[in-house]
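37 is the number of the first residue of the sequence shown in the working numbering; add one for each residue after it.
Note that the Cβ used here is the ideal one computed from N, Cα and C, for glycine as well.
Inspection log for the structure reproduced underneath, given as structure tokens.
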Amino acid sequence: MKRPLHIAYVSVDDPLDRRSWSGTVHHLLKALQRQGAQVDAVGPLRPQPWLFLCQALNQLLLRTSNRRFNYRDSRLLARTYARMIQPRVGAADLVVAPAGLATTALLKSPAPIVYINDRSIAGALGYHRILQDLAPFSRRESLALEREALHSASLVVYSSQWAAEAARKALPEAAHKVRVIPFGANLEQPPPAPAPRPFPPSRLKLLMIGVNWVEKGGPIAYQALQELKRRGVPAQLVVCGCEPPAEMDDPDLLREGFLNKNVPAERARLEEHLRTADLLLLPTRFEAYGIVLCEAAAYGLPVLATRTGGIPSIVEEERTGFLFAPEADGTAYADRIQELLRDPARWQAMRAASRDRYEATLNWDAFVRSMLEAAQEVGAINSAR
């Protein structure tokens with residue numbers, strides 16, 4: 037009889053916290069356990085006082101030069117993490133490290149490492165807000181550390197083609213171990229298949245979920261609401277996760293604020309909005325992946341989102357949603373929404389296709405199965421173990 041695969045699950049953040057990396061760390065851990073693995077959590081990792089020192093240096097750079105220090109992916113923290121992790125992985129068959137650049141780059145592990153991320157530093161520099169305006173030394177250090185992480189890993193898993201292609205281009209010699217496996221929806225339980233309901237509804241419910249109003253394209257979503265109403269379409273925009281500006285006082289703008297998934301009542305309210313919405317809007321300015329799009333798929337919720345970053349690896353154009361150029365305004369979104377209102381059968385088909393995509397791909401059990409198969413392909417685990 038085969039013994040269970042013994043995994044050291046390495047995470048800077050608390051794997052029991054549903055907010056860690058938008059819930060990804062928590063839900064990946066649970067999926068590994070459901071697949072029968074023996075999982076030892078190595079984390080959370082709190083490398084004080086070095087973390088405080090790095091944060092202070094970042095603040096100093098911002099004040100004096102308007103430059104940033106990407107301390108989360110710094111050599112100082114990577115060395116500290118390696119010392120913390122090393123004694124705790126010796127008995128494992130496999131090390132699995134979500135968002136594991138700094139935790140694995142300098143780790144001398146006797147067990148093969150599976151490095152998981154939603155973006156490559158090489159591809160995200162100058163794209164994502166937190167990697168813009170880096171001090172030159174921090175830029176060089178981040179790129180060098182990423183190269184070391186890719187060299188150290190036996191398997192490198194990215195959630196999108198966008199991230200994987202950037203990594204392959206930056207380090208061609210590691211391309212053979214890079215795989216694209218979409219992340220899953222961060223939900224406690226798979227929701228029931230969506231029940232049939234009439235469309236168009238008497239009042240269209242648009243849903244936007246994101247923690248930063250501007251970065252997630254809130255002004256564009258609001259403009260789409262205004263344009264639909266101008267055209268005589270009864271509509272409501274529900275915003276979860278952030279706070280629209282006070283001057284946006286349309287009575288059809290419902291402000292839910294931040295909903296904490298660690299609080300059952302707040303998690304239930306978020307899930308209720310996903311269940312009852314007609315369309316999800318995410319006109320984001322940048323997005324490494326977009327877990328909320330996977331959650332929308334679980335509820336059979338078609339999406340309208342920006343064609344940027346990792347989003348095209350989630351949303352199938354014209355099948356589960358519509359993708360827009362970054363420069364598209366709210367009018368462009370309203371045009372597409374009106375197309376669906378005139379073609380209810382198309383909305384119903386997109387709804388069914390979204391749920392199908394969730395069941396086949398955009399769930400964590402599917403991710404873990406694909407990851408373990410890939411680990412066998414590259415020789416990181418032995419199928420006859």
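request  = Name, in chain order, the residues that DSSP records as bridge partners for residue 245.
outcome  = 276
>> I'd like the list of long-range same chain contacts for residue 85, defined as Cβ closer than 6 Å, with 5 residues on each side in sequence excluded.
In response: none
- According to the Cβ coordinates, are residue 174 and residue 102 closer than 8 Å? no
Discussion item. Please return the same chain residues whose Cβ sits closer than 6 Å to the Cβ of residue 317, not counting the five positions on each side in sequence.
Written reply: 242, 244, 257, 340
* How about the segment 340 to 355 and the segment 270 to 287: do they share at least three Cβ pairs that are nearer than 8 Å? -> no
Does residue 420 come out as helix, strand or coil in the three-state DSSP assignment? Note that residue 420 scores a pLDDT of 45, beneath 50, so its modelled location is shaky; the value from the coordinates is reported in the next line. Correct three-state label for residue 420: coil.
Original post:
Fully enclosed by the segment 273 to 360, which alpha helix (DSSP H) runs are 4 residues long or longer?
Top reply: 300 to 312, 327 to 334
Review point. Mind checking residue 272: buried by the 16 CB within 10 Å criterion, or exposed?
Key: buried
Inset, instruction - Whole angstroms is fine: what's the gap from residue 344's alpha carbon to residue 222's? - result: 21 Å
For the putative contact between residue 154 and residue 188, defined by C-beta atoms under 8 Å, what is the C-beta separation to the nearest angstrom?
Not quite, the Cβ-Cβ distance comes to about 19 Å (not below 8 Å), so this is no contact.
Could you tell me the boundaries of the alpha helix (DSSP H) in which residue 157 lies? 157 to 160
Counting C-beta neighbours from all protein chains within 10 Å, is the total for residue 215 16 or more, i.e. buried, or is it exposed? buried
First and last residue of the alpha helix (DSSP H) that includes residue 63? 60 to 70
| request: Check whether the Cβ atoms of residue 55 and residue 213 lie closer than 8 Å to each other. | output: no
Output the distance between the C-alpha atoms of residue 150 and residue 118, rounded to the nearest integer angstrom.
15 Å
Notebook entry, point to check: CB-CB under 6 Å to residue 389, same chain, minus the five flanking residues each way: which ones, in chain order?
Noted result: 355, 356
By Cβ distance below 8 Å, which residues in the same chain neighbour residue 171 in space, the five residues on each side in sequence not counted? 97, 101, 103, 104, 105
**Asked** What are the start and end residues of the beta strand (DSSP E) that includes residue 193?
**Response** 191 to 194
Tell me the DSSP secondary structure of residue 365 in three-state form. coil
(message) What does the Cβ neighbour count give for residue 233, buried or exposed, with the cut at 16 atoms within 10 Å?
(response) exposed
| Is it right to say residue 72 is buried, meaning 16 or more other beta carbons lie within 10 angstroms of its own, or is it exposed? | exposed
Quick one: measure Cβ to Cβ for residue 190 and residue 44, integer angstroms, because I've assumed they're closer than 8 Å. Incorrect: roughly 14 Å between the Cβ atoms, too far for contact.
Item to complete: Taking 8 Å as the cut-off, decide whether the C-beta atoms of residue 46 and residue 136 are in contact.
Response: yes
- Query: Comparing alpha-carbon positions, which option in 285, 142, 134, 319 lies nearest residue 80?
  - Reply: 134
Under a Cβ-count criterion, where at least 16 other Cβ atoms within 10 Å of its own Cβ denotes burial, should residue 373 be classed as buried or exposed? buried
ask   = If you draw a straight line from the C-alpha of residue 156 to the C-alpha of residue 404, how long is it?
value = 21 Å
| message | Count Cβ pairs between the segment 247 to 267 and the segment 306 to 326 that sit closer than 8 Å; are there 3 or more? | response | yes
Next item on the list: With residue 153 as the anchor, note down where its beta strand (DSSP E) starts and where it stops.
Entry: 149 to 153
Checklist entry - From 326, 303, 322, 240, pick the residue whose C-alpha is nearest to that of residue 290; which is it? => result 240
- request: Can you tell me the Cβ-Cβ gap for residue 391 and residue 333, rounded? I've got them flagged as a contact below 8 Å.
  value: 7 Å
Worksheet item: Whole alpha helix (DSSP H) runs in the segment 116 to 140 with 4 or more residues, listed along the chain?
Response: 137 to 140
*Would you mind stating whether residue 8 and residue 203 have Cβ atoms separated by less than 8 Å?*
Absent from the structure is residue 8, since the part of the chain shown begins at 37 and ends at 421.
| message | Once DSSP output is grouped into helix, strand and coil, what is the label at residue 379? | response | coil
Exposed or buried, residue 268, counting other C-beta atoms within 10 Å across all chains shown (16 or more means buried)? exposed
Problem set entry | Of the listed residues 295, 120, 395, 167, nearest to residue 77 (C-alpha basis) | 120
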